[in-house]
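Counted the way my numbering counts, the sequence shown spans residues 762 to 1267. Quick reminder that beta carbons are idealized off the backbone N, C-alpha and C, glycines included. Every value quoted in this text rests on a predicted model; they were computed, and no experiment measured them. The block underneath contains the structure these notes are about, expressed in structure tokens.
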Amino acid sequence: MVTDDHQGAPLLTASGVVKHFPGAKALDGVDLDVYPGEVHCLLGQNGAGKSTLIKVLAGAHRPDAGVITWQGQEVSFPTPVAALRAGIATMYQELDVVDGLTVAENIFLGNEVSVGGFIQRTSAHARTREVLQRLGHANIAPGTEVESLSAAGKQVVSMARALSHDAKLIIMDEPSAVLDSEEVANLFRVVRDLVANGIAVIYISHRLEEIRQIGDRLTVLKDGKTVASGLRVSDTTTSQVVAMMTGHEGTLDFPPRTAEVSDEVVLSVRDLALDGVFRDVSFDVHAGEIVGLAGLVGSGRSEILETVYGARRATSGEVRVSGVPVGRGNVAASVAKGMGFCPEERKSQGLLLDESVTRNITLSIFARLARLGFVDDAAELGIAREQVGRLGIVPARPEREARTLSGGNQQKILLGRWLAHGTRVLFLDEPTRGVDVGARAEAYQLIRELAATGVAIVIVSSELEEVVGLADRVLVISDGRVVHAAPAAEIDEHQILDLIVEGTPA
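As structure tokens, this is what we get:
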């Protein structure tokens, strides 16, 4: 273990922290120290123990062994509220906003602005505007219902809630996962403002390039143990960090394109429009081709995917699969024609978290497995085992609940669902969101292998490097329009950003 010299006393320390769950040891003697005014990056693959550690620090879990000190005093927070009152605010990867409440109500949930037991809505709205302005999002109205916001907007509300408290330490778990490059730059501005005022930030991200931009020091977890702590970010290389996380040298390279794209047009979109969101969208996808949609959050890229799939009803335009028209706003018809969709919010929109891996995989072919109202359990399990083996889902236990698997393996479950269905057109919205570096490389390889079998794939990703690295062809989306289309080999991230800016009204 390597420790870096630092002036003054640490704000928080964790020494030898252990946490058991039934049948597993999630933390096995973890050490961490965080100083005021620093960005301390916490890294590790899915399952390394990061989420468990931050829940221990935030009072959501009680450690089985070890010592946590806060501002020089040994502590054991019984609840998240106790940790928050002590000055530790946490932004979880899973968005923890309440859709039925307004922005202001979410920000002050459990900490309502009140006098004599009466909530002061005017004061709450004024304070909400202040914190949103600090975040660079004065355009979000305090009275807006959170349900109407995008995933990125909900992330801003979650961040605003953390900033509304007098926090001395803010834990950010994958805060940029749903943000585009412009939003990430704004996030970094906020983080730098926080540390300049002496606030400490624990920053968790699978995007290693972000760590280089924002981090001061880093701690790496592997299999519930601390393998490195207190390293200066500037003193480590990306390959060294990957090696510490995975136990072997690795790279973030994309697998080579080995398959030829067919002349067969599988998906054809013509003059598609959704009032107020996008218009005049036309493109084709060939068998074995990967098409990437690149654009800022709010550009219409995800909505295009959802509308083509039928989750939204198009205002006008036509979608065809293998030359056959697909009815507007009809998911069942889309699936019957051979479409599959892996949504950005896989936990809330894609998976039945309390159901088994088996049931999640066979969900799209359930009718095929039913006879006279009874499901053929043996056939269902056989199909699930086939996909678990084919995709390398870990643990290879189809009876496990989907919620118990890591983000990368949950994404594989969704892929397995559509492979079992025999999907010809696959839509992937943020396919590697919240997926660690090792699982990300697996996902890239799987996507390429799917394309090689003739599946037509359309990808949306906030990471332009991912769009360019995976896609055969890139469509640049700006202000609800396709402003440019080009082979991926003939365009780079900087050109895409230029096109986005040129196509977006000031």
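- When you compare each of Val1082, Ala850, Pro1017 to Glu1025 by their alpha carbons, which one comes out closest? Here residue 1025 is taken as the residue at index 264 of the sequence shown, counted from 1. Ranking the options by Cα distance to Glu1025, first place goes to Val1082.
- Buried versus exposed call for Gln894 [16 or more other C-beta atoms within 10 Å across all chains shown]: In the sequence shown, counting from the first residue as 1, residue 894 sits at position 133. Classification of Gln894: exposed, given that the 10 Å Cβ count is below 16.
- Message: By the three-class DSSP mapping on this structure, what secondary structure does Met762 have?
- Response: Locating residue 762 in the sequence shown gives position 1, counting from the first residue. Residue confidence is low: Met762 scores 38 on pLDDT, short of 50, so the model does not pin down where it sits. No coordinate-derived value is stated.
- Item | Through-space distance from Gly1143 to Glu799, alpha-carbon basis | In the sequence shown, residue 799 corresponds to position 38, counting from 1. In the sequence shown, residue 1143 corresponds to position 382, counting from 1. Between Glu799 and Gly1143, the C-alpha separation is close to 51 Å.
- List the whole-angstrom C-beta distance separating Asn1121 from Arg1178, where the pair is believed to meet the contact cut-off of C-beta under 8 Å. In the sequence shown, counting from the first residue as 1, residue 1121 sits at position 360. In the sequence shown, counting from the first residue as 1, residue 1178 sits at position 417. Yes, they are in contact, since the Cβ atoms of Asn1121 and Arg1178 sit about 6 Å apart, within 8 Å.
- Looking only at its own chain, which residues have a Cβ that is under 6 Å from the Cβ of Gln1172, when we skip the five neighbours before and after it? Walking along the sequence shown from the start, residue 1172 turns up at place 411. Around Gln1172: no qualifying Cβ.
- CB-CB under 7 Å to Ser776, same chain, minus the five flanking residues each way: which ones, in chain order? Numbered from its first residue, the sequence shown carries residue 776 at position 15. Only Asp792, Gly827, Val828 meet the Cβ criterion.
- Is the beta carbon of Val1052 less than 7 Å from the beta carbon of Val1027? In the sequence shown, residue 1052 corresponds to position 291, counting from 1. In the sequence shown, residue 1027 corresponds to position 266, counting from 1. No, the Cβ-Cβ distance between Val1052 and Val1027 is not below 7 Å.
- Among the residues of its own chain, which have a CB less than 6 Å from the CB of Tyr964, if the five just before and after it don't count? Stepping through the sequence shown from its first residue, residue 964 is reached at position 203. Within the same chain, Tyr964 has close Cβ partners Val800, Cys802, Met933.
- Residue closest to Phe1039, alpha-carbon to alpha-carbon, out of Pro1017, Ala1048, Val1058, Glu1064: As a working mapping, residue 1039 is identified with position 278 in the sequence shown. Scanning Pro1017, Ala1048, Val1058, Glu1064 for the CA closest to the CA of Phe1039 turns up Glu1064.
- Classify Lys1098 as helix, strand or coil using the three-state DSSP reduction. Indexing the sequence shown from 1 puts residue 1098 at position 337. Coil, per DSSP.
- Item | First through last residue of the alpha helix (DSSP H) which encompasses Phe869 | Along the sequence shown, read from residue 1 onward, the residue named residue 869 stands at position 108. Element bounds for Phe869: n/a, residue is neither H nor E.
- alpha helix (DSSP H) segments (min. 4 residues) lying fully within the region 1049-1073: Runs of the alpha helix (DSSP H) inside the region 1049-1073: 1062-1070.
- Spatially closest choice to Leu772 from Tyr796, Pro783, Leu948, Val779, by CA coordinates: As a position in the sequence shown, residue 772 is number 11, starting the count at 1. Ranked by Cα distance from Leu772, the first of Tyr796, Pro783, Leu948, Val779 is Tyr796.
- Message: Can you confirm whether Glu1254, when its beta carbon is compared against all beta carbons of chain B, has any partner nearer than 7 Å?
- Response: The chain inventory of the structure shown lacks chain B, comprising one protein chain alone.
- Message: Are the CB atoms of Asp1197 and Gln806 within a distance shorter than 7 Å?
- Response: Reading the sequence shown from its first residue, position 45 is the one you call residue 806. Reading the sequence shown from its first residue, position 436 is the one you call residue 1197. Yes, these two residues count as a Cβ contact at 7 Å.
- Residue from Gly1241, Val1042, Leu1211, Gly1078 with nearest C-alpha to Gly1101: One-based indexing of the sequence shown puts residue 1101 at position 340. Of Gly1241, Val1042, Leu1211, Gly1078, the residue nearest in Cα terms is Leu1211.
- Item | Glu835 versus Thr774: straight-line alpha-carbon distance, rounded | Along the sequence shown, read from residue 1 onward, the residue named residue 835 stands at position 74. Along the sequence shown, read from residue 1 onward, the residue named residue 774 stands at position 13. Spanning the two alpha carbons is a distance of roughly 9 Å.
- Selected residue, minimal CA-CA separation from Gly1283, among Ala819, Leu1054, Gln916: An answer regarding residue 1283 cannot be provided, because it is not within the stretch 762 to 1267 covered by the chain.
- Task: Mark Arg1074 as exposed unless 16 or more other C-beta atoms lie within 10 angstroms of its C-beta, in which case mark it buried.
- Result: By 1-based counting over the sequence shown, the position of residue 1074 is 313. Exposed, because fewer than 16 other Cβ atoms sit within 10 Å of the Cβ of Arg1074.
- Candidates Ala1246, Ile1218, Glu1263: closest to Val1042 by CA position: Position 281 of the sequence shown holds residue 1042. Selected option, being the one with the closest Cα: Ala1246.
- Exposed or buried, Ala1202, counting other C-beta atoms within 10 Å across all chains shown (16 or more means buried)? Locating residue 1202 in the sequence shown gives position 441, where the first residue counts as 1. By the 10 Å Cβ count, Ala1202 comes out buried.
- What does DSSP give as the partner residues of Leu910 in its beta bridges? On the sequence shown, residue 910 is found 149 positions in, with the first residue counted as 1. Per the DSSP secondary-structure output, Leu910 pairs with nothing in a beta bridge.
- Supposed close pair Leu955, Val945 - CB separation, criterion 8 Å: Along the sequence shown, one-based indexing puts residue 955 at 194. Along the sequence shown, one-based indexing puts residue 945 at 184. That pair is no contact at about 15 Å.
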